[in-house]
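Beneath this line is the structure, given in structure tokens, with notes to follow.
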Amino acid sequence: MQTSLLSLNYSRADLLSRIGGVSFGDEVFNSLFGKLNLGHLVFLYGTQRCLALSELLCIQAQLALTEGGLESKAIFIDGGNTFDPCLIAEYAEQLSLDSDKVLENILVSRAFTCHQLTSLIANNLKPWIDRLNIKLAVISNILEPYSDPDIARKQSSIFFKVALNSLVSMIREKKIVAVVTSLDDEYIRKNSFFEKIAYHSNIIAKLEDYGSSTIVILEKHLANPLDILLNECKRYVPVTRAE
Amino acid sequence: MPKSIASPKGCVQSVKGWILDLYPKENAIVIWIKTEKGNTVRLLDRWRYSIYVSGNYSDLIDLAKQIPIEGVALEEKYVRPEDSDKSTVLKIPVSNSREAQELAEKILVYGRYRRFRLYNVDVKPSQMYLYEKDIFPFAFVHATQRSDGLEWRLLDSQEEVEYKIPPLRELTLEVKAASERIPRFTDETREININLGGESIQIDSEDELDKLMTLVELIQQLDPDIIYTSNGDEFLFPYLARRAIENEFSEKLVMGRERSPLRLSNEKGKSYVSYGQVHYRPLPTRLLGRIHIDMENSLLYCDCGLQGIIEVARICRIPVQRVSNTTIGTSMTSAQLYHAVRNDVLIPWVKADPEDLKTARELLIADRGGFYHEPKVGIHDRVGELDFTSLYPMLMLKKNLSAETVRCKCCPDSAERVPELDYNICEKRKGIVPKSIELLLRKRTKYKELIREASDPSLRSLYEKRRAALKWILVCAFGYLGFKNARFGKIDAHIATCAFARRTLLKATRLAEEHGFELVHGIVDSLWLKKKGATESGFIELKDEIYRETELPISFEGVYRWIVFLPSETRRNLPVLTRYYGVFMDGRIKARGIATRRHDTPEVVRKCIEEMLTILAKGEDSSDFYNRVPESIDVLKEYVQALKSRRIELGDLFIERHLSSEVYEYRHEVPQAIAAKQLVKEKVEVSAGQSISFIIINSENRFSKNRALAAELVDERTSYDVDRYLELLFSSAATILAPFGYAVSDLKRAVDIL
Numbered sequence: 001m002q003t004s005l006l007s008l009n010y011s012r013a014d015l016l017s018r019i020g021g022v023s024f025g026d027e028v029f030n031s032l033f034g035k036l037n038l039g040h041l042v043f044l045y046g047t048q049r050c051l052a053l054s055e056l057l058c059i060q061a062q063l064a065l066t067e068g069g070l071e072s073k074a075i076f077i078d079g080g081n082t083f084d085p086c087l088i089a090e091y092a093e094q095l096s097l098d099s100d101k102v103l104e105n106i107l108v109s110r111a112f113t114c115h116q117l118t119s120l121i122a123n124n125l126k127p128w129i130d131r132l133n134i135k136l137a138v139i140s141n142i143l144e145p146y147s148d149p150d151i152a153r154k155q156s157s158i159f160f161k162v163a164l165n166s167l168v169s170m171i172r173e174k175k176i177v178a179v180v181t182s183l184d185d186e187y188i189r190k191n192s193f194f195e196k197i198a199y200h201s202n203i204i205a206k207l208e209d210y211g212s213s214t215i216v217i218l219e220k221h222l223a224n225p226l227d228i229l230l231n232e233c234k235r236y237v238p239v240t241r242a243e
Numbered sequence: 244m245p246k247s248i249a250s251p252k253g254c255v256q257s258v259k260g261w262i263l264d265l266y267p268k269e270n271a272i273v274i275w276i277k278t279e280k281g282n283t284v285r286l287l288d289r290w291r292y293s294i295y296v297s298g299n300y301s302d303l304i305d306l307a308k309q310i311p312i313e314g315v316a317l318e319e320k321y322v323r324p325e326d327s328d329k330s331t332v333l334k335i336p337v338s339n340s341r342e343a344q345e346l347a348e349k350i351l352v353y354g355r356y357r358r359f360r361l362y363n364v365d366v367k368p369s370q371m372y373l374y375e376k377d378i379f380p381f382a383f384v385h386a387t388q389r390s391d392g393l394e395w396r397l398l399d400s401q402e403e404v405e406y407k408i409p410p411l412r413e414l415t416l417e418v419k420a421a422s423e424r425i426p427r428f429t430d431e432t433r434e435i436n437i438n439l440g441g442e443s444i445q446i447d448s449e450d451e452l453d454k455l456m457t458l459v460e461l462i463q464q465l466d467p468d469i470i471y472t473s474n475g476d477e478f479l480f481p482y483l484a485r486r487a488i489e490n491e492f493s494e495k496l497v498m499g500r501e502r503s504p505l506r507l508s509n510e511k512g513k514s515y516v517s518y519g520q521v522h523y524r525p526l527p528t529r530l531l532g533r534i535h536i537d538m539e540n541s542l543l544y545c546d547c548g549l550q551g552i553i554e555v556a557r558i559c560r561i562p563v564q565r566v567s568n569t570t571i572g573t574s575m576t577s578a579q580l581y582h583a584v585r586n587d588v589l590i591p592w593v594k595a596d597p598e599d600l601k602t603a604r605e606l607l608i609a610d611r612g613g614f615y616h617e618p619k620v621g622i623h624d625r626v627g628e629l630d631f632t633s634l635y636p637m638l639m640l641k642k643n644l645s646a647e648t649v650r651c652k653c654c655p656d657s658a659e660r661v662p663e664l665d666y667n668i669c670e671k672r673k674g675i676v677p678k679s680i681e682l683l684l685r686k687r688t689k690y691k692e693l694i695r696e697a698s699d700p701s702l703r704s705l706y707e708k709r710r711a712a713l714k715w716i717l718v719c720a721f722g723y724l725g726f727k728n729a730r731f732g733k734i735d736a737h738i739a740t741c742a743f744a745r746r747t748l749l750k751a752t753r754l755a756e757e758h759g760f761e762l763v764h765g766i767v768d769s770l771w772l773k774k775k776g777a778t779e780s781g782f783i784e785l786k787d788e789i790y791r792e793t794e795l796p797i798s799f800e801g802v803y804r805w806i807v808f809l810p811s812e813t814r815r816n817l818p819v820l821t822r823y824y825g826v827f828m829d830g831r832i833k834a835r836g837i838a839t840r841r842h843d844t845p846e847v848v849r850k851c852i853e854e855m856l857t858i859l860a861k862g863e864d865s866s867d868f869y870n871r872v873p874e875s876i877d878v879l880k881e882y883v884q885a886l887k888s889r890r891i892e893l894g895d896l897f898i899e900r901h902l903s904s905e906v907y908e909y910r911h912e913v914p915q916a917i918a919a920k921q922l923v924k925e926k927v928e929v930s931a932g933q934s935i936s937f938i939i940i941n942s943e944n945r946f947s948k949n950r951a952l953a954a955e956l957v958d959e960r961t962s963y964d965v966d967r968y969l970e971l972l973f974s975s976a977a978t979i980l981a982p983f984g985y986a987v988s989d990l991k992r993a994v995d996i997l
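Here the protein sequences come in this chain order: A and B. Each residue of the first sequence is one higher than the one before, starting from 1 at the first, in this note's numbering. Each residue of the second sequence is one higher than the one before, starting from 244 at the first, in this note's numbering.
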């Protein structure tokens with residue numbers, strides 16, 4: 001296995017432009033999503049599985065370009081205090097990777113209020129991306145802080161707008177893959193934040209639990225429509241993935 | 244009788260006494276002073292507070308031009324507590340909290356939510372006044388009216404532990420509505436009862452308007468300083484306000500010392516989450532110039548009485564009225580805000596500084612909480628317990644742990660480092676959090692000494708209440724370091740405190756082991772140790788040794804004759820860290836995590852388990868304990884028979900549970916939801932976080948509404964579900980006897996139910 005974990009020195013920029021994205025490292029997911037392209041916003045929502053999937057991507061990003069990785073560290077901005085380093089270490093071990101090294105290459109910051117999350121996205125993320133040459137940023141559980149009943153709706157809406165606009169322009173400018181996740185519940189589905197993220201997203205997928213399996217519903221894919229449509233046609237029945 | 248001297252224009256020149264109450268009034272603060280003669284004097288101080296704006300200098304100048312308010316000026320302040328230099332900020336005087344809030348929002352919009360940051364916006368004006376003038380509620384002061392406002396001379400000290408409280412006129416108010424079952428706002432008033440110093444007055448005239456008029460007259464005449472109610476915030480005062488509207492008396496329903504009448508607010512109480520549990524706080528009723536204490540809704544009053552409330556008000560500089568009806572965290576925050584204001588540090592309106600970026604590996608090491616050592620399930624003889632006193636606040640103070648000091652930018656190479664994480668701790672300044680808890684810790688120690696020395700039981704009780712109130716604040720101080728809305732908290736400081744605590748407990752454990760002790764159980768700040776032949780003095784020697792090595796106060800709680808560590812209810816081989824019971828050598832029983840400690844245990848179960856423990860507690864050691872188990876099961880048998888023959892009083896069957904969500908959000912028909920729905924049907928307002936009391940009437944009934952009954956609807960015809968209560972009883976008994984091979988089925992067999 002040609003695993004990079006950021007140790008290879010060949011011309012990364014050249015390869016990146018050719019390869020252009022990160023894959024899930026899983027046959028079913030790869031066939032459904034293709035690669036998550038640089039410059040794209042991916043929105044995963046649904047059950048806890050979407051949070052876990054975004055953590056898995058933080059490992060994938062560290063792999064060699066030839067293995068579907070980005071040879072990049074990952075930034076994980078945690079809006080729901082759900083980041084689980086033990087789970088990452090477990091994934092890493094399943095992939096025969098050095099878990100310590102994998103954990104070192106994921107940079108985490110937790111936001112507990114919508115003001116903190118806005119500040120992280122709008123003020124801190126860009127300098128971090130520049131300084132650490134990051135190619136994958138995960139904003140986990142993005143909607144939770146903005147749904148805080150203690151914050152006036154008008155205020156949280158404006159802060160959300162500031163954060164989302166900053167994120168979208170940064171993705172385009174810095175050519176990174178940004179994965180945004182949100183747990184799905186009635187309240188979150190009802191609010192307009194959900195629609196706003198969906199509007200800006202290149203890929204939207206919903207993850208549902210089905211017994212011990214997960215159903216992935218691809219709701220939008222603007223990356224390689226033709227290929228993906230072909231794939232999706234093959235798997236039009238919601239994909240059930242064994243644990 | 245001493246009187247209230249109202250001087251709305253502030254004509255009193257000079258007055259000496261205690262600060263009873265204060266509140267803002269348009270461009271001024273009203274302060275009520277209780278004099279040594281027992282009179283109450285109203286003072287008015289022309290004073291405005293200010294909000295502050297930080298941002299780019301030219302943006303501030305531009306903003307200043309847009310604000311047509313007198314007194315707008317540039318000032319130098321610390322915008323962050325960690326800043327080494329002051330920044331230029333815009334000061335904008337405001338008249339009241341609403342104006343501050345509205346103006347702040349407009350400024351944010353004007354700056355497109357990016358150009359400006361706002362400060363001191365939501366600090367209560369009364370608190371800001373106390374901080375600025377460096378005075379505190381119930382302080383003994385001398386106030387003099389000068390041409391430019393009041394001049395304050397403090398004749399008291401927050402350090403004082405034997406301070407004098409003026410004699411207060413305390414009145415209890417009770418209002419009964421003319422309803423058979425649940426009182427509603429639409430019910431007429433049946434009677435009003437007033438109790439002042441043991442003397443009762445009943446107002447029960449025929450006409451409702453007459454009753455209201457008499458009440459107002461009596462309140463003015465008796466002029467109480469404190470009015471106690473049961474559920475005054477939730478029901479009594481809103482009810483009176485509503486009845487006043489019905490009787491066209493609302494403009495005259497004056498209950499405070501100001502002439503402003505009591506209003507019926509359209510606002511609702513607040514449901515909030517604390518430590519994963521939903522709580523409810525009704526909208527408080529404020530009586531201007533008097534102190535209203537709702538005995539049902541004041542957690543601090545329930546635990547520490549008026550003395551505890553006054554202690555907190557004095558030490559945290561927050562009006563007594565607010566202390567009684569707000570969270571402990573709000574009071575503790577006030578102590579921090581005082582230190583910020585006195586040090587020219589601005590108080591951020593919103594907390595926007597996020598956690599420092601760290602690697603996932605660092606997070607794995609850092610975010611581990613407190614120390615714990617799992618106990619071995621079962622009974623242990625002669626175990627001694629050592630507890631660190633206020634360990635976390637003590638570490639925060641001694642190690643200078645605060646948002647601005649942990650990983651500060653000014654001393655990256657500081658010698659003070661956080662164990663395991665190697666974070667630097669500031670050496671140049673003392674943090675706001677340690678500053679704010681220093682006095683609390685000092686006073687708590689003093690009260691502890693006074694309690695030990697006091698021979699007068701009433702004096703001892705007074706000190707105990709004050710000490711208990713301080714303990715509440717200190718417990719909260721650590722949690723607030725990691726609380727999302729804490730103004731001067733930061734998760735890194737929270738993590739650092741846990742790291743120091745883990746190191747302390749490990750160090751203490753090593754010392755104990757070096758002295759031949761075995762660690763039986765350890766959690767957060769307590770250690771349970773045993774050693775063959777160890778005497779009390781052996782434990783005390785160890786305690787002293789740990790104190791010398793750690794420099795942190797530690798107490799010896801005693802030696803247990805025996806202690807039982809209990810298993811998980813679902814996995815019997817796994818211990819639960821906080822579930823145990825035991826008896827000290829002097830006969831004191833200590834229990835945690837069992838039915839006697841749970842708030843939702845019905846009285847019948849609580850009594851049974853307590854009696855079972857009392858019998859077991861007679862056991863001198865584990866073998867004696869075993870001999871007494873059958874006798875304890877006999878107690879269970881008596882309760883089983885009492886339940887089966889329906890000899891239990893209905894009041895002993897009530898179960899109280901919190902509503903974890905709004906009534907309409909419940910998807911499962913749990914008993915508290917059923918009871919809440921019944922109350923809603925009776926037009927009672929029920930909110931998430933409220934406690935609902937109910938009785939189980941038929942848990943298997945196919946119609947969920949018939950399974951439980953709200954306590955308010957219970958009457959003499961109510962029948963209870965014997966089987967369900969038996970299950971609760973057996974399950975609680977099985978919990979305490981689980982390590983000895985008793986499951987529910989064994990107990991049922993033992994009492995001949997199977």
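We put the beta carbon where it would ideally sit given N, CA and C, even for glycine.
Expected contact under 8 Å - CB spacing of residue i and residue j to nearest Å
| i | j | result |
| --- | --- | --- |
| phenylalanine 743 (chain B) | lysine 642 (chain B) | 6 Å |
| alanine 951 (chain B) | isoleucine 917 (chain B) | 5 Å |
| glycine 621 (chain B) | valine 802 (chain B) | Contact doesn't hold; Cβ gap of about 18 Å is too wide. |
| serine 182 (chain A) | leucine 120 (chain A) | About 16 Å separates the two Cβ atoms, so there is no contact after all. |
| lysine 594 (chain B) | histidine 115 (chain A) | 6 Å |
Neighbouring residues, chain A, relative to residue i (Cβ below 8 Å)
| i | result |
| --- | --- |
| valine 593 (chain B) | Thr113, His115 |
| leucine 607 (chain B) | Pro85, Cys86, Ala89, Leu103 |
Where the beta strand (DSSP E) containing residue i begins and where it ends
| i | result |
| --- | --- |
| isoleucine 488 (chain B) | Per DSSP, isoleucine 488 (chain B) belongs to no beta strand (DSSP E); it is in the alpha helix (DSSP H), 480-489. |
| glycine 572 (chain B) | Counting along the chain, glycine 572 (chain B) falls outside any beta strand (DSSP E), though it belongs to the alpha helix (DSSP H) covering 571-585. |
| arginine 746 (chain B) | It is not in any beta strand (DSSP E) - arginine 746 (chain B) instead sits in the alpha helix (DSSP H) that spans 734-757. |
| glycine 765 (chain B) | 761-766 |
Per-residue contacts from residue i into chain A (C-beta, under 9 Å)
| i | result |
| --- | --- |
| glutamate 663 (chain B) | Going along chain A, no residue has its Cβ under 9 Å from glutamate 663 (chain B), so there is no contact; the nearest lies around 15 Å. |
Residue i, enclosing alpha helix (DSSP H) - first and last residue
| i | result |
| --- | --- |
| proline 693 (chain B) | In the sequence under discussion, the amino acid at residue 693 (chain B) is leucine, which differs from the proline named in the question. First-last of the alpha helix (DSSP H) with leucine 693 (chain B): 675-696. |
| threonine 978 (chain B) | 965-980 |
| histidine 210 (chain A) | Note on identity: in this sequence residue 210 (chain A) is tyrosine, with histidine being the wrong assignment. From DSSP, tyrosine 210 (chain A) is part of no alpha helix (DSSP H) but of the beta strand (DSSP E) over 203-210. |
| phenylalanine 721 (chain B) | 700-724 |
| tryptophan 128 (chain A) | 125-132 |
Proximal residues of chain A, C-beta to C-beta of residue i below 7 Å
| i | result |
| --- | --- |
| glutamate 598 (chain B) | Ser109, Arg110 |
| isoleucine 734 (chain B) | Arg110 |
Proximal chain B residues relative to residue i, where beta-carbon distance stays under 8 Å
| i | result |
| --- | --- |
| glutamate 104 (chain A) | Thr602, Ala603, Arg604 |
Which of the residues in the region 85-101 of chain A, read from start to end, lie with their CB under 8 Å from any CB of chain B?
The residues in question are Pro85, Cys86, Ile88, Ala89, Asp100.
For the region 117-134 of chain A against the region 82-96 of chain A, are there 3 or more C-beta pairs whose distance is under 8 Å?
At 8 Å Cβ cutoff, the stretches do not touch.
Residues of the region 699-727 of chain B in Cβ contact with chain A at a cutoff of 9 Å, in chain order, please.
Residues Gly725, Phe726, Lys727.
Mind listing which residues of the region 153-167 of chain A have their C-beta closer than 8 Å to chain B's C-betas, in chain order?
Residues of the region 153-167 of chain A with a C-beta less than 8 Å from any C-beta of chain B: Gln155, Ile158, Phe159, Val162, listed in chain order.
Flag this pair as touching only if the region 342-358 of chain B and the region 277-290 of chain B have three or more C-beta atom pairs under 8 Å; answer yes or no.
Result no; under three Cβ-Cβ pairs closer than 8 Å.
Inter-stretch contact (C-beta, 8 Å, three-pair minimum) for the region 467-487 of chain B and the region 412-421 of chain B
Three or more beta-carbon pairs drawn from the region 467-487 of chain B and the region 412-421 of chain B are found closer than 8 Å, and the two stretches are therefore classed as touching.
Using 8 Å as the cut-off, can you tell me whether the region 101-118 of chain A makes contact with the region 599-614 of chain B, which would need three or more C-beta pairs spanning the two stretches below that distance?
Counting Cβ pairs under 8 Å, three or more are found: they touch.
So does the region 446-466 of chain B actually touch the region 425-433 of chain B, counting three or more Cβ pairs closer than 8 Å?
They touch, by the three-pair rule.
Which residues, taken in chain order from the region 119-137 of chain A, show a beta carbon closer than 8 Å to some beta carbon of chain B?
Those would be Ser119, Leu120, Ala122, Asn124, Trp128, in chain order.
May I ask you to list, following chain order, the residues of the region 343-356 of chain B that have a beta carbon less than 7 Å from some beta carbon of chain A?
Those residues of the region 343-356 of chain B that come within reach of chain A (Cβ to Cβ, closer than 7 Å) are Tyr356.
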